[in-house]
Every structure is written in structure tokens, then in C-alpha cells.
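Just below is one structure, and these are the notes that go with it.
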Amino acid sequence: MSELKILTKRAGLPDSVKIDTYLANDGYKALTKALKEMTPAQVRDEVLKSKLRGRGGAGFATGMKWDFASKNTTKPKFIVCNADEGEPGTFKDRVILKFDPHALLEGMAIAAFAVDADHGYIYIRGEYPEEAQILMDAVKEAEERGYLGKNILGSDLSFTITVHRGAGAYVCGEETALIESLEGSRGQSRIRPPFPVNSGYRKLPTVVNNVESLSCVPHIVLNGGAWFAGIGNPECPGPKLFSISGAVEKPGVYELPMGVPLRELIETAGGMKDGKAFKAAFPGGASSACMDASEIDTGLDFNSLAAIGTMLGSGAVMILDETADMVKAAYVLTRFFDHESCGKCTPCREGLTWVKQVMAGILEGKGTEEDLDLLLDICEQIQGASFCGLGDASVNCVTSTIRKFRGEYLNYINKEPRVRAASGEKS
Amino acid sequence: MSVQELFSDAELKSIQEIASRYEEPGSALMPLLHYVQQIRGYLGEDEMAFIADFLGITRVRAYEVATYYTLYYTKPRGRHTIQVCRNLSCTLAGAEGIVDFLKKELEIEVGGTTADGMFSLVEVECIGSCDKAPAIMIDGDHHGPVTPESLREILNTYRGKP
């Protein structure tokens, strides 16, 4: 399948971050069209028709979120861009932040028009200081040219954007934790409802959208929702930025239609590294259940992956080859979740520490077969018992590797009879 | 400690400018912590207390925020901080060997600072450079894929930097 050049069409141009480059390549045309030729309801309608679903991981329909937000007339109202991409394996928003910042700003301004918002915030992860500066420069340029600020292009819309840096907390990628962090607190998730569209930043109506989702919006406004809905899987369509890493020849970000089979994404990324055989993939970052070789022809989209018990997430595809140790891989991901649990909900905070310890025991050769049941039991108690989706998803790496690669766990467990040896009994 | 002893007039002006970007005082806390860390290298207790008082929030809130996030440091560290990613894509590409090499080369443990105060070494989770695994960050710069040989050169370029 050939690569698309929609979201990435400007990324390779010289001086792509500059507003003049952007304007010379269809930039701010969609905002102009929305403000001069459309009503907010018409903009929302096109986004609904496009079937755009949130590209940050949760996959909620963007048009529906905007509809909810538009119905709440409390002011002021906010657009918050989630640029905190912290899911391990994810680096796709970076392409937009670093090379096409105005696409994001334009998407946010259109969103503000569509839901009648007053101010925007871009919450960008602390590990991207260069990109934060690029965005701040772009906001300044857009304000100088009248695409942000008071009465944009002579319309009633007044809207500008503040760039806000995070400081290294995975949980802040979850929208309610992100809002807590934006308010200057520890990034811990809030219970929902109320949802941010009704009570978000400063308890006011807030639309939280991912970078890629917002960057799709100018294309939808210019070309129509039906055009967008015609790309890729008709159920959950659109162009998608995939970040692929691990055992492929050319790790990187590739723009392909939703629903591209995993096999084709790997081929696009130059094939398996050193010609090794494919063993497994985490298709949606650390939070997703792993896929094995029998599932390599599954389409990468929200529905097809949900149907085989995993998820698209943010489109962060991590590839493991025949030499990979799945127990070790699951341990590395568990260590990550244990480190990043915000500590609010007991099952996630305490449970992950236990899971990590049991996993470490297995790797050290101290495990028993009962430990696998114990692990599954703890995982079951963590899932569904946390405020946010991140806690729920944190143990998918463990449950899926036990289910699909049980033999690798047993290899560690059955290596030698050290439990009895350690207690002084003869084996 | 008085304000004059903590911050120069120019620094105070920057603090006021950053705070003025937000209607909600608390929202300025993280940007101000970033700023103080940028000019002082870490977040001292007096500085955190000043920022909290300045914003009209409790001092404990400033402290809990500073200790919650990975990228804030409440203790002095070396002139340059090396962050080695230990997440999956980097581990698959040999991140453990990178940590071992740096420990030996710099003669420090993870969490430590070299005797000359030049480098601090920490392990971190995904930094968003998975396409360049194994990847590291030094201060705000991403580097990768790194090897022991390339690291020696990279470290040398930082030795000459302020």
C-alpha cells in the first residue's frame, strides 16, 4: 500500500515550520472557508460525517465531542490540545509539532469556531523542548498575520493559544490528568462524569483533542467529511500516522490509510530487520495486548484490532522478532507502568508493584507455575478498578503474553529446580 | 531569605511575565518551576517557597508538584543530565548496554553525578525517540541511535558546553 501525503504533505518542505511555507501550501484556507462560508454547525456536521475518531488512543468520535461542547453555553470555553504523547512507542505527533505546527494551530482555531471557545492550550510533553519553542514561534507568527488573536480575519472569532510544557508524567496523556496538570497540580486522573466537555479546565467546558485529530480538521473542512470518510476502513476511516519501532529496517512515522494490515506496515518500514522472522507486535503501544504471527494480516484500525482483543491506541506499533524474549518485554513494560502509576487508585498503584515483583521473580528463576495464575488474578483485579483507562490497560502486556507465549514463561519456570535447592531440599 | 537574595530584578521580571500568561494562578506553577530550574539547575526549597507565595498557593503544593514529575529536580545535579531511555523499543535495541557503558565510562551509578560535576546519569521511560533506539537525551537534546563509540564523541561535545 502506498504512503499517503495528507497529514505529512508539508513535513518534507524546506522551512516547513514557517507561516509563509504554510500559506503557500493551502495553509489557513480551511479556517478562511469556515469563517467566511460556513456556520459552526456546518463545521461540526462535516467533522461528524468524516467519522474522525480521536487519534490519541481512546478513539472517541471527535464530531460528537464537539457537539456536546457546543451545547454547553457556559463561558469561557477552552480547546486543549493533548500533545503529551507519552505512550511508549509513540512519536507520531512529533512530525506535526516539529514540521507542520501551523496545521495544528489552524485545526484548533477551527475547533474554537465550531464550539465557540475562547482560549486554547497546547499541553506538550516536557521531553519536547524544541517542539515547544517551534509552537510558540508559530503562535506568534499566526497572531501577527491575523490567523489567531482578536477578530480573526475580520470575524467575531477571537481566539489564541498558550503553549504549556509538561514535565515527564505518562498519566498526563489521560485527559482529566492533563487538566489537573494544566491547573498546576499533580497529574492524577479525575473520575468521570463529569466529562471535560462540561467540567474541564477550571471546571469550565473544555474540549481535549489529540494533535493528529486536530490536524485532520483543516483537511476535512477543505475537502469535506465524505472525502475523509472514503479513505481506508469505511467503519473508522481516515489517514493515520503510524509510529513503528523495534525490529524493522526503517523505524519511523508512516502515513497510511486506517485499516492497513500490519504486514504491509512492516513492509513499508523496510521489512523485518536483518531478515529475521516476525514474532509479535504491540500495535497500540505499551497499553495494548500483543499480536502474534497468526494475526499479522489484521488491519490496523480501531474496530479490526478490538475484534482480536487488542487496540489501535495511538498507532504506536512496536515490533519484536524471533529473538525477542516476551517475558522480559512484558517485564520492561510492567516496570514502566509501575513507575508511572499516578498513585491515586489502589488497584493500579499497589497491584502493579506486585505484578512487577512476581515478574522479576520469574525472570530470576524463582517462579512457579502458580505464579502465572497469581499474575492473571492480580491483573483481573487491576482491570476495571481504576479511574482512568491507563490503569485498566496497564496489564494487557502481561495477560496477553501469558496467553500467547505461555511456553516462554514456563521455560523460565522449569529451567532448574532452584526453589527446592534454595530451601535445602534435594531435587 | 529575602527576594533580593533569591532572584535578580531581571529574573523577577521573567517570573512576572510567565505568571501573566495565565488567568488561573496555579497554571503558572509548572512553567515557573521550569524557569527556575533552567536558571538554577534545580529547584531549591527557598525558590519553591517563593514561587508558591508569589502565586498565592500553598508551599506544599509547589513541593508536591516538583516531586511528582520526572523532569523536575529538587537536588543539585551535574552541569549536564544524561537521560537513558529504558522502555521497550530502546531495550530491544540494547539500552541496557548503553547504561552499563555510561556507568563505567563516567564511573558513577544511575542517579549519580561525576566527581567533576559535569554529568548526572538517570534512567527514564519513553522519550519519544523510539525510531532512533537506543536513544538518550542530554539536557533538552535527543540523540540516537547511540553506540559506546558515538557516546564518547557526544559526551565530549558537552564537556565544552556551559
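Chains X and H are the protein sequences, given in the same order. Throughout the first sequence, residue numbering follows my numbering, covering 851 to 1277 in sequence. Throughout the second sequence, residue numbering follows my numbering, covering 1319 to 1480 in sequence. All C-beta atoms, glycine included, are put in the ideal place defined by N, C-alpha and C.
Can you tell which of the options has the C-alpha that lies nearest to the C-alpha of residue i?
i, options, result
"Ala1380(H)", "Ala1367(H), Tyr1387(H) and His1398(H)", "Ala1367(H)"
"Met914(X)", "Phe928(X), Arg894(X), Thr924(X) and Arg905(X)", "Arg894(X)"
"Cys931(X)", "Ala964(X), Pro1044(X) and Ile1029(X)", "Ile1029(X)"
"Phe1092(X)", "Gln1231(X), Tyr997(X), Ala1076(X) and Leu1115(X)", "Leu1115(X)"
"Ile1400(H)", "Leu1439(H), Glu1427(H) and Glu1363(H)", "Leu1439(H)"
"Gly1396(H)", "Val1378(H), Cys1444(H), Phe1325(H) and Gly1430(H)", "Gly1430(H)"
"Val1058(X)", "Gly970(X), Ala1131(X) and Pro1084(X)", "Gly970(X)"
"Leu1162(X)", "Lys1178(X), Gly1135(X), Arg1185(X) and Asp1147(X)", "Gly1135(X)"
"Arg1470(H)", "Tyr1353(H), Pro1480(H), Lys1421(H) and Asp1449(H)", "Lys1421(H)"
"Gly1121(X)", "Asp934(X), Ala1097(X) and Pro1133(X)", "Ala1097(X)"
"Ala1079(X)", "Val1103(X), Gly1109(X), Leu1213(X) and Thr1056(X)", "Gly1109(X)"
"Ser1063(X)", "Ile929(X), Lys886(X), Leu1202(X) and Lys1206(X)", "Ile929(X)"
"Pro890(X)", "Ala874(X), Leu881(X) and Val965(X)", "Val965(X)"
"Thr858(X)", "Ile946(X), Ser852(X), Asp1124(X) and Ile1228(X)", "Ile946(X)"
"Glu1033(X)", "Ser1326(H), Pro1463(H) and Pro1349(H)", "Pro1349(H)"
"Ser1138(X)", "Glu896(X), Ser1005(X), Leu1224(X) and Thr1251(X)", "Thr1251(X)"
"Phe918(X)", "Val1208(X), Ala1131(X), Ser1191(X) and Pro1046(X)", "Pro1046(X)"
"Glu991(X)", "Arg860(X), Ile1011(X), Arg975(X) and Ala911(X)", "Ile1011(X)"
"Lys1126(X)", "Val897(X), Glu1099(X), Glu1145(X) and Cys1238(X)", "Glu1099(X)"
"Lys927(X)", "Met1168(X), Phe963(X) and Gly936(X)", "Phe963(X)"
Identify, in the order they occur along the chain, each residue of the same chain with its Cβ nearer than 7 Å to the Cβ of residue i, setting aside the five sequence neighbours on each side.
i, result
"Pro1101(X)", "Ile1094, Ser1095 and Ala1119"
"Lys1129(X)", "Ala1143, Leu1170, Asp1171, Glu1172 and Ala1174"
"Val867(X)", "Phe949, Pro951, Ile984 and Ala988"
"Pro864(X)", "none"
"Glu977(X)", "Gly1018"
"Gly996(X)", "Ile1002 and Leu1003"
"Lys1000(X)", "Ser1008"
"Lys1254(X)", "Cys1140 and Asp1142"
"Ser1236(X)", "Cys1195, Pro1197, Cys1198 and Asp1242"
"Ala1272(X)", "At Ala1272(X), the pLDDT of 44 sits below 50, so the modelled position is not reliable; the number obtained from the coordinates is stated separately. There are no such residues."
Could you check how far apart the C-beta atoms of residue i and residue j are, in whole angstroms? I think they sit under 8 Å.
i, j, result
"Pro1111(X)", "Lys1090(X)", "Contact doesn't hold; Cβ gap of about 13 Å is too wide."
"Val1442(H)", "Thr1388(H)", "6 Å"
"Val1245(X)", "Leu1213(X)", "In fact, because the Cβ distance is near 17 Å, the residues do not count as touching under 8 Å."
"Ala1180(X)", "Cys1247(X)", "5 Å"
"Lys921(X)", "Asp968(X)", "Not really, about 16 Å apart at Cβ, beyond 8 Å."
"Asp1457(H)", "Phe941(X)", "Actually they are not in contact, since the Cβ atoms of Asp1457(H) and Phe941(X) sit about 19 Å apart, beyond 8 Å."
Tell me residue i's beta-bridge partners as DSSP assigns them.
i, result
"Asn932(X)", "Tyr973(X) and Asn1060(X)"
"Ile1158(X)", "BP columns for Ile1158(X) are empty, so no partner."
"Leu1170(X)", "Ala1130(X)"
"Lys1090(X)", "Leu1106(X)"
"Ala911(X)", "Arg903(X)"
"Thr1010(X)", "His969(X)"
"Arg1015(X)", "Ile974(X)"
"Val1440(H)", "Gln1401(H)"
"Asp1142(X)", "Ala1130(X)"
"Asp1459(H)", "Ile1456(H)"
"Leu1150(X)", "Val1110(X)"
Tell me which residues share the same chain as residue i and place their Cβ nearer than 8 Å to its Cβ, disregarding the 5 neighbours each side in the sequence.
i, result
"Glu1553(H)", "Nothing about residue 1553(H) can be read from this structure; chain H reaches only from 1319 to 1480."
"Leu1351(H)", "Leu1361, Met1366, Ile1369, Ala1380, Val1383, Ala1384 and Tyr1390"
"Arg1268(X)", "In this prediction, Arg1268(X) has a pLDDT of 49, which is less than 50 and means its spatial position is unreliable; what the coordinates show is noted afterwards. Contacts found: Gly1215 and Lys1216."
"Leu854(X)", "Ile1081, Pro1089, Glu1105, Leu1106 and Pro1107"
"Gly1211(X)", "Gly1217 and Asp1221"
"Asn1083(X)", "Pro1107, Met1108, Gly1109, Gly1149, Asp1151, Asn1153 and Ser1154"
"Lys1072(X)", "For the sequence presented, residue 1072(X) should be read as Leu rather than Lys. Asp876, Lys879, Ala880 and Lys883, listed in sequence order."
"Gly1193(X)", "Gln1038 and Arg1199"
"Val1464(H)", "Ile1416, Pro1452, Ala1453, Ile1454 and Ile1472"
Ignore the nearest five residues each way along the sequence and tell me which others in residue i's own chain have a CB closer than 6 Å to its CB.
i, result
"Ser1031(X)", "Cys1022 and Gly1037"
"Tyr1019(X)", "The sequence given here places Ala at residue 1019(X); Tyr does not occur at that position. Taken in chain order, the residues that qualify are Gly1037."
"Val1067(X)", "Gly957 and Ile960"
"His1460(H)", "Ser1447"
"Asn1060(X)", "Gly904, Arg905, Gly906 and Asn932"
"Thr871(X)", "Leu863 and Asp865"
"Arg1040(X)", "Thr1026"
"Gly1274(X)", "For Gly1274(X), the predicted model reports a pLDDT of 42, less than 50, meaning its position is unreliable; a value from the coordinates is still stated below. Contacts found: none."
"Ala911(X)", "Arg903"
Under 7 Å: does the beta carbon of residue i sit that close to some heavy atom of the ligand GDP?
i, result
"Leu1260(X)", "In terms of ligand content, the structure shown is empty, and the ligand GDP therefore cannot be addressed."
So if I threshold CB-CB distances at 8 Å, which residues from the segment 1215-1231 of chain X count as touching chain H?
none
Near-chain X residues of the segment 1439-1469 of chain H - C-beta to any C-beta below 9 Å:
Val1442, Glu1443, Cys1444, Ile1445, Gly1446, Ser1447, Cys1448, Asp1449, Lys1450, Ala1451, Met1455, Asp1457, Gly1458, Asp1459 and His1460
Which residues, taken in chain order from the segment 1164-1175 of chain X, show a beta carbon closer than 8 Å to some beta carbon of chain H?
Residues of the segment 1164-1175 of chain X with a Cβ closer than 8 Å to any Cβ of chain H, in chain order: Ala1166, Met1168, Leu1170 and Ala1174.
Contact residues within the segment 1086-1105 of chain X, judged by C-beta distance below 9 Å to chain H
Ser1093, Ile1094, Ser1095, Gly1096, Ala1097, Lys1100, Pro1101, Gly1102 and Val1103
The segment 999-1032 of chain X: positions lying closer than 8 Å to chain H by Cβ
Thr1012, His1014, Arg1015, Gly1016, Ala1017, Gly1018, Ala1019, Tyr1020, Ser1031 and Leu1032
Taking a Cβ distance cut-off of 7 Å, strictly less, list which residues of the segment 1322-1343 of chain H are near chain X, in chain order.
Arg1339 and Glu1342
Taking beta-carbon pairs under 7 Å, can you tell me which members of the segment 1359-1373 of chain H lie near chain X?
none
Name, going along the chain, the residues of the segment 935-952 of chain X whose beta-carbon falls closer than 8 Å to a beta-carbon of chain H.
Glu935, Gly936, Glu937, Pro938, Gly939, Thr940, Phe941 and Arg944
Contacting positions in the segment 976-987 of chain X - beta carbon closer than 8 Å to chain H:
Gly976, Glu977, Tyr978, Pro979 and Glu980
Residues, ordered as in the chain, of the segment 1379-1397 of chain H that lie near chain X by beta-carbon distance below 8 Å
If the cut-off is 8 Å between Cβ atoms, the segment 1379-1397 of chain H has Arg1379, Glu1382, Val1383, Tyr1386, Tyr1387, Thr1388, Leu1389 and Tyr1390 near chain X.
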